[in-house]
Structures are given as structure tokens and as C-alpha cells.
Amino acid sequence: MVNYVDVNNMRRWISDTGIEPIIMGIVGYLEQDYAKWPQFDKTPRVAAHSAEGVIELMPTSDGETYAFKYVNGHPSNPGNGFQTVTALGMLARVDNGYPTFLSEMTLLTALRTAATSVLAARALARPDSKVLALIGTGTQSEFQALGFRAGLGITRLRAWDTDPAALDKFIRNVEPLGFEVVRATSAADAVAGADIVTTCTADKANAKILTTGMIEPGMHLNAIGGDCPGKTELEADIVRNSTVFVEFPEQTRIEGEIQQLEADSPITELWEVLAGRAAGRTSVDEVTLFDSVGFAIEDFSALRYVFDAVRGTDYATDLDLIADPADPKDLFSLVSRAPALLA
Ligand code: NAD
Numbered sequence: 129m130v131n132y133v134d135v136n137n138m139r140r141w142i143s144d145t146g147i148e149p150i151i152m153g154i155v156g157y158l159e160q161d162y163a164k165w166p167q168f169d170k171t172p173r174v175a176a177h178s179a180e181g182v183i184e185l186m187p188t189s190d191g192e193t194y195a196f197k198y199v200n201g202h203p204s205n206p207g208n209g210f211q212t213v214t215a216l217g218m219l220a221r222v223d224n225g226y227p228t229f230l231s232e233m234t235l236l237t238a239l240r241t242a243a244t245s246v247l248a249a250r251a252l253a254r255p256d257s258k259v260l261a262l263i264g265t266g267t268q269s270e271f272q273a274l275g276f277r278a279g280l281g282i283t284r285l286r287a288w289d290t291d292p293a294a295l296d297k298f299i300r301n302v303e304p305l306g307f308e309v310v311r312a313t314s315a316a317d318a319v320a321g322a323d324i325v326t327t328c329t330a331d332k333a334n335a336k337i338l339t340t341g342m343i344e345p346g347m348h349l350n351a352i353g354g355d356c357p358g359k360t361e362l363e364a365d366i367v368r369n370s371t372v373f374v375e376f377p378e379q380t381r382i383e384g385e386i387q388q389l390e391a392d393s394p395i396t397e398l399w400e401v402l403a404g405r406a407a408g409r410t411s412v413d414e415v416t417l418f419d420s421v422g423f424a425i426e427d428f429s430a431l432r433y434v435f436d437a438v439r440g441t442d443y444a445t446d447l448d449l450i451a452d453p454a455d456p457k458d459l460f461s462l463v464s465r466a467p468a469l470l471a
């Protein structure tokens, strides 16, 4: 049997456990997996592009466990009543290839993206960071805010979205949680006075959500919305003038902010910073940029974390997903008594 977590059980588990403890739990698993980064099978995700968006498969393996995520990104979806990003994911044993765990991953992607933002910001942002600007207050935004509170103690937010209803929703959702939120009047207004800036907008365009004049010395930019060819958020000069950190260069060169720069522009891999093999932030005035596109190992970590947490509980159910006859060579036995065959 394959352990299975559907949306309702994921929702129940998150409600019972708490979003911040889960994000920090995933950060712990990310740290374990980033520490053995060279051991993983890594490939840029397989993307099927269309006029409306992209559908992607994100596989990886550490030699013992294999994982993949199915995920879409369709920026115009909310206008039609659908979400921009939905996902599901699976774990399997490498030794016999059998799936062990299947899970909804739309909620889990928001949690793992927040956890990855925290992982990077703890390594790269100024330790005295107090104010987070959030540009784009859609699906990811509340999870980002909670992650930054759990991981960096940040409670002061400056939020901006071109959609006033999304901004209303964000403020309505996070103010009761104890955040102090400034409703900004523009991206520039949101960024003014911020120590960390998360951009999480969705638009299939080379957007300029942040322009050079908005950037102050010492800022940490957590750019997570530009994650496809032709879909970026920052003016190229910002990227050029920042110290850039990435997940998996082969994928980020295609999908990240650095797609705007020369193919050999300087970058540092985040795992090397975490392993002490490369420098992170080197001065209080440096502008650091985490050019995040989302990488398969992060989903591997998130799936592992949920699987470990829910296995043997009533949040996980059994799914009869793999045809497994008593005689492994007699698959036919499962259908040999079918009336249609005997008739
Ligand atoms: P969403 O559609 O729910 O929210 C995006 C928000 O951005 C919307 O509210 C929209 O009004 C706003 N927006 C669009 N253009 C804007 C602009 N110019 N200025 C200000 N706001 C603007 O999408 P989401 O699920 O929150 O995802 C946000 C982005 O993050 C998407 O592009 C998605 O592909 C990406 N993403 C990246 C990762 C990662 O790991 N890096 C993970 C998940 C999602």
C-alpha cells in the first residue's frame, strides 16, 4: 500500500500542527538534504510550456529515495477562478522502485517555498533584519510572512499588490496573527525601509517589479516569482549589482532572474554557502539576491518531512496504487477471473 495524504488530511495536519512549526521542520530537513547536495541526482525540471503557462515534472533521488513533483504555473488562472500553482508529489524506494508516499502538494509547495526562503535568508540576510516587504500578496504570501517570523523573528511587514482585493485578503489574513502590516501604495513604497524584500508576483513577462532606485545597501532580495523562461521580476541591473545565490545553476540559468544576464555571470550555489565552502554575505552593505526558482530537492525534503510526520497517523490513508500479485510473474492472475474474459 502507498501512504496517501489528500487535501483534507493535509489541511487537518497543518491546522493541528501549526504552520510555523511545520515550516521550521521543513527547514531542518532542507538543511539535511542541502548538506548532502552532491549526492543527489539533479536535472533541470522538465517543462511543457504553453501560451497560458507551464506544466513541470521535478525529479530527484539521493540513491535511497526517489521523489518527483508535478506542478503547474498559470499566471492568468486566478482570473478564471483557478489557482496559479497546483501540485502533487510522490516518494518511492530506489531499491525496488515501489512508490511509498503520494501527497497533495499545493499547500505543501507554499510551505516548502517559505521554508526555502527562510533557509536562504538565515544565511544571507543581515542578522538585524526587522522589516519584510512583500510584493505580490497571492497564494504564497501568508506562508512567506509566517516563515520569516518563525525563522528570523520578523513581525513588521510592508505589503503591495497591483490587485487591491489580494492586498485586502493578505492584511485580513495576517493582521489577526500578530503582524504589524503597512499597506503600501506602490512597490517602491513597500520596499522603502525594508531589510528583506520578497517578490512573489505572477506574470508571464519580463516584469520590472523592482527597479534599481528602490534598492538600498544591505538589503536581501528573495526573488521567488520569476521562475520560467521569459518570466522575471527584477530589472537586470539589480541582478548585475547584487551578489547572486541560486539553487541549481543549470535550472536557474534557464528560469531565474539570471536568464537576463550573460551565461557566465557570477553566481554562488546556496548549498556551498550552507556547507561553509563559499562565502555568503560578506558585508553589511552588500545586496544579496536569492534568485529562487524552486528545485526538486526542496520538494524531496518537504515530502520526506510530511511522510515522517504522518506515517501511522490518521492523516495518512492507504492507497491501493500498485498492482502487486502474490506471484510477481503472474500479473494476469489479477484479471484472469474477469467475467468478460471467461464469457
Ligand atoms: P498568485 O497568482 O496567487 O499571486 C501572485 C500575485 O502577484 C497576485 O495577487 C497578483 O495580483 C500579483 N501581481 C502580479 N503582477 C504584479 C505586479 N506587477 N506588482 C505587484 N503585484 C503583482 O501566485 P502565487 O502562487 O502566490 O505565486 C507567485 C509566484 O511565485 C508565481 O510566479 C509562481 O510561479 C512563483 N512560485 C515560485 C516558487 C519558487 O520556489 N521559487 C514556488 C511557488 C511559486
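If you want the numbering used here, it's the position in the sequence shown, counting the first as 1, plus 128.
Glycine included, every Cβ here is placed at the ideal spot set by N, Cα and C.
Inset, instruction - Output the distance between the C-alpha atoms of R381 and P467, rounded to the nearest integer angstrom. - result: 56 Å
Inset, instruction - Using beta-carbon positions only, say whether T360 and Q379 come within less than 9 Å of one another. - result: no
Legend entry - I352, buried or exposed, once every other Cβ within 10 Å from all chains shown has been counted against 16: buried
Inset, instruction - Could you tell me whether the Cβ atoms of L216 and T228 are closer together than 9 Å? - result: no
Inset, instruction - Answer with buried or exposed for Y443, where buried requires no fewer than 16 other C-beta atoms within 10 angstroms of its C-beta. - result: buried
Inset, instruction - Could you tell me if the beta carbon of T267 falls within a distance shorter than 8 Å of some heavy atom in the ligand NAD? - result: yes
Legend entry - Residue range of the beta strand (DSSP E) that includes K336: N334 to L338
Legend entry - Residue range of the unbroken beta strand (DSSP E) whose run includes A215: A215 to R221
Legend entry - Rounded distance between the beta-carbons of V325 and V490, thought under 8 Å: As shown, the chain starts at 129 and ends at 471. That puts residue 490 outside it, with no answer to give.
Legend entry - Same chain, Cβ closer than 7 Å to D455, neighbours up to 5 away in sequence not counted: S461
Legend entry - Beta-carbon proximity of T267 to V213, cut-off 9 Å: yes
Inset, instruction - Compute the distance between the beta-carbons of L494 and H348, then report whether it is under 9 Å. - result: Residue 494 lies beyond the stretch modelled for the chain, which goes from 129 to 471, so this question has no answer here.
Inset, instruction - Would you tell me roughly how many angstroms separate the C-alpha atoms of L398 and E426, rounded to the nearest one? - result: 12 Å
Inset, instruction - Select from V135, S257, S269 and D161 the residue whose C-alpha is nearest the C-alpha of A330. - result: S269
Inset, instruction - To the nearest angstrom, report how far apart S429 and N301 are at their CA atoms. - result: 27 Å
Inset, instruction - Provide the residue span of the beta strand (DSSP E) that contains W559, from first to last. - result: Given a span of 129 to 471 for the chain in the structure shown, any question on residue 559 remains unanswerable.
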